[in-house]
Amino acid sequence: MKNLFLNKSKVQLIEQGGLHTAMEIEAQPELWKKIRDKFFVERNSILKFIEPVLGEPGLEIVLTGAGSSAFIGQSVNHIFSSKFNVPAKAIPTTTLVTHFRQYIDLNKPVLFISFARSGNSPESNAVVSLAETFCSKCWHIAITCNADGELATTVQKLPNGLNIVLPPESEDAGLAMTGSFTGMMLAAIALANIKQKKFDPGLFDFDKVSELGANLISGQMTNLEELSALPFSRIIFLGSGPLLGIAEESHLKVQELSDGQIVGKFDSFLGFRHGPKAIINNETLVVCLFSDDDHVFQYEKDLALQIKQDNEALALLGVFPSKEKSLTLNLGHEIVISNANESTPFDLWLPVYVLPAQIIGFFKSLNLGLQPDKPSKSGTITRVVKGVTIYPAVSSA
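Residue numbering for the sequence shown follows numbering that gives the first Met the number 0, beginning at 0 and increasing consecutively.
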């Protein structure tokens with residue numbers, strides 16, 4: 000039986016209140032394989048539901064969720080647009096609850112794809128109700144980690160609903176979403192590829208992605224632990240396109256696990272120059288999530304070099320897709336996801352890019368004397384959001 004997780008013994012982790020989070024971070028690569036297996040088993044039933052929906056003229060897809068679950072949609076919406084040839088947009092449930100009519104065309108058919116760890120967030124369930132009440136034609140796919148959650152229970156009862164429930168271990172026991180986030184993201188990518196004729200390990204190589212994830216966790220553990228020990232009070236994550244959603248999740252991960260003692264920010268490389276760059280000071284760790292696209296990388300490289308030359312940040316960490324790209328920059332700290340030219344589609348790499356933030360957040364939490372499983376001393380943040388009242392929607396809203 001394994002007794003060491005993230006370089007710490009099980010006894011240590013129990014004493015420090017971090018066992019669940021450490022185990023859940025380290026278990027992600029194996030979880031991803033189980034999700035792959037699930038889709039191979041359930042592919043036909045998923046196709047039976049989704050193919051008629053995709054044939055609806057004028058269909059739009061809305062990817063939705065709250066908090067980390069919303070960031071999944073921000074990262075993968077382009078894949079749905081490309082693979083299904085249907086307009087897909089990411090809109091948080093926290094926006095739809097208050098401004099449903101402003102963002103949804105009630106006269107168009109809409110497929111709502113909802114992401115939820117527990118499925119018990121009030122906003123997630125309110126959006127299903129709003130759609131059923133106001134949309135002329137809609138369908139629901141719930142990608143969730145909890146078969147018994149309110150979202151899964153509600154969608155299960157709908158003739159126009161489908162649940163995709165991930166393995167039980169995907170529902171993190173710790174406060175921060177780790178395996179639930181990357182698991183639901185890979186499930187979304189699998190769903191977007193469900194119609195591909197070569198829906199097989201050759202096209203859909205979860206084994207390679209799991210290997211890349213496992214190698215990063217084991218190979219970069221010491222590096223990331225040392226980075227977390229630096230005296231930073233601010234952390235910035237930069238990403239372009241799909242990696243902007245990963246940057247958003249990454250900043251939240253460190254901020255949550257540090258109980259807000261570390262202020263997290265995120266932005267695109269190009270957007271960061273337009274004002275937000277002012278946040279950098281000598282207590283700032285800047286993390287650059289670099290794209291595999293050569294054209295995009297030119298813009299990212301320019302900003303990274305500018306930040307380095309400004310010499311105002313405490314430290315820079317570059318997360319590179321390949322050694323080839325890392326050789327063009329010397330930021331002081333680097334993580335190379337792959338040392339070889341991989342044939343695996345880059346979209347499948349997205350979950351690997353969030354691992355550094357999870358690990359930095361975990362160790363920073365310990366450095367601050369917090370319990371990673373329950374970092375919020377005051378109880379301000381909880382696994383399932385509290386204090387939200389859903390008010391009845393009016394037809395003229």
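Just so you know, even glycine gets a beta-carbon here, dropped at the ideal spot from N, CA and C.
With a 10 Å radius around its C-beta and 16 neighbouring C-beta atoms as the bar for buried, classify residue i as buried or exposed.
i: A353; result: Inspection of the sequence shows that residue 353 is occupied by Val rather than by Ala. By the neighbour-count rule (16 or more Cβ atoms within 10 Å), V353 is buried.
i: L302; result: buried
i: T92; result: buried
i: G360; result: buried
i: Q357; result: buried
i: M183; result: buried
i: F345; result: exposed
i: Q27; result: buried
i: E248; result: buried
i: H98; result: exposed
i: G160; result: buried
i: I245; result: buried
i: N76; result: buried
i: K47; result: exposed
i: V393; result: exposed
i: K7; result: buried
DSSP on residue i, reduced to helix/strand/coil?
i: A172; result: coil
i: E25; result: helix
i: I263; result: Reading the sequence as shown, one finds Gly at residue 263 and not Ile. Here G263 sits in strand by DSSP.
i: P374; result: coil
i: T221; result: helix
i: L302; result: helix
i: S227; result: helix
i: I389; result: coil
i: L256; result: helix
i: T20; result: helix
i: A312; result: coil
i: G201; result: Only weak support is given to the placement of G201: the predicted model assigns it a pLDDT of 46, under 50, and the value that follows is read from those uncertain coordinates. The answer is coil: DSSP assigns G201 none of H, G, I, E or B.
i: S123; result: helix
i: F289; result: coil
i: K1; result: coil
i: S8; result: strand
i: T177; result: coil
i: I234; result: strand
i: K194; result: coil
Rounding to the nearest angstrom, what Cα-Cα distance links residue i and residue j in this structure?
i: E55; j: Q101; result: 22 Å
i: D104; j: G368; result: 49 Å
i: V384; j: D293; result: 40 Å
i: F271; j: F265; result: 8 Å
i: V481; j: T177; result: Nothing can be reported for residue 481, as the shown portion of the chain is limited to 0 through 396.
i: K324; j: G386; result: 46 Å
i: T63; j: T327; result: 37 Å
i: A228; j: D206; result: 32 Å
i: I428; j: L185; result: No statement about residue 428 is possible, as the shown extent of the chain runs from 0 to 396 and does not include it.
i: V96; j: E170; result: 24 Å
i: M0; j: K88; result: 44 Å
i: S135; j: S113; result: 19 Å
i: L243; j: S267; result: 6 Å
i: L251; j: G238; result: 14 Å
i: V127; j: L110; result: 11 Å
i: L284; j: F133; result: 46 Å
i: E282; j: L365; result: 19 Å
i: E311; j: I279; result: 7 Å
i: I336; j: L347; result: 12 Å
i: L349; j: K363; result: 23 Å
Does the Cβ of residue i lie closer than 6 Å to at least one heavy atom of the ligand NAP?
i: E29; result: Summarising the ligand content, the structure contains no ligands, and the ligand NAP is consequently not present.
At 4 residues or longer, and completely inside the stretch 34-86: list those alpha helix (DSSP H) runs for me, N to C.
Inside the stretch 34-86, DSSP marks whole alpha helix (DSSP H) runs of 4 or more residues at positions 67-83, from first to last along the chain.
Assess contact between the stretch 268-277 and the stretch 377-385, defined as three or more Cβ pairs (one per stretch) separated by less than 8 Å. Is contact present?
No, they do not touch.
4-residue-minimum alpha helix (DSSP H) runs that sit fully inside the stretch 92-116, ordered along the chain
Runs of alpha helix (DSSP H) with 4 or more residues, each lying fully within the stretch 92-116, are found at 92-102, listed in chain order.
If you scan the stretch 128-175 from start to end, which runs of the alpha helix (DSSP H) of 4 or more residues do you find wholly inside it?
Taken in chain order, the complete alpha helix (DSSP H) segments of 4 or more residues contained in the stretch 128-175 are 149-155.
Specify whether the stretch 19-27 and the stretch 68-85 touch according to this definition: at least 3 beta carbon pairs, one from each stretch, less than 8 Å apart.
Remark: fewer than three beta-carbon pairs, one from each stretch, lie closer than 8 Å, so the stretch 19-27 and the stretch 68-85 are not flagged as touching.
Per the contact definition of three or more C-beta pairs closer than 8 Å, is the stretch 37-55 in contact with the stretch 223-233?
Contact check between the stretch 223-233 and the stretch 37-55: fewer than three CB pairs, one atom from each, fall below 8 Å, which does not count as touching.
Stretch-stretch touch, CB-based, cutoff 8 Å, three pairs: the stretch 206-219 with the stretch 140-152
Touching, no.
At 3 residues or longer, what runs of the beta strand (DSSP E) sit wholly inside the stretch 314-387?
Fully enclosed beta strand (DSSP E) runs of 3 or longer: 314-321 and 331-337.
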